[in-house]
Amino acid sequence: MSDSLSLNAAYYVDMVSSASIDVVTTASPFKEQRNEYTLGADFVYHDALVTLATTYSKEPDYTANSTSLDVSQEVFGGMTTVSMGYSRATMSS
0 MSDSLSLNAA YYVDMVSSAS IDVVTTASPF KEQRNEYTLG ADFVYHDALV TLATTYSKEP
60 DYTANSTSLD VSQEVFGGMT TVSMGYSRAT MSS
């Protein structure tokens, strides 16, 4: 978007389709799909990089969310990078 801001987005689909053996030993169909959406932004300020990202994932039996904030700062003339971050994830059925 600019010299100091970058945005990203992703969509991921994970599909499983197979047959499982049940008690009567006849194959019963099994099908499951997971959809995952990710949004992120990187912001550069002087020698610091701030990254914010969020992910939403949904399956038939649960939903998951995660958010993260990371900061990296170059020090000593770019010879060392100090980083710290915070992440939070929740899941519900």
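Going by numbering that gives the first Met the number 0, 19 is the number at position 20 of the sequence shown; the sequence numbering is gapless. Heads up, the beta-carbon is just placed ideally off N, CA and C, and yes, glycines get one too. Keep in mind that this is a model prediction, so the values were computed, not measured.
For D60, same chain residues with a beta-carbon under 7 Å away, outside a window of 5 residues either side, are S92 in chain order.
In this structure Y55 is in contact with Y36, their Cβ atoms being roughly 5 Å apart against a cut-off of 8 Å.
Residues L51 and Y85 of the same chain have their beta carbon placed closer than 6 Å to that of L68, with the five preceding and five following residues left out of the count.
Per DSSP, G76 is not a residue of any beta strand (DSSP E), being assigned neither H nor E.
Rounded to the nearest whole angstrom, the CA to CA distance from S3 to Y44 is 7 Å. In this structure, the straight-line span from the alpha carbon of V74 to that of A8 is close to 30 Å. In this structure, the straight-line span from the alpha carbon of T89 to that of N34 is close to 16 Å. Per DSSP, Y61 lies in no beta strand (DSSP E) and is assigned neither H nor E. Separation of D13 and G76 (C-alpha to C-alpha, rounded to the nearest whole angstrom) is 44 Å.
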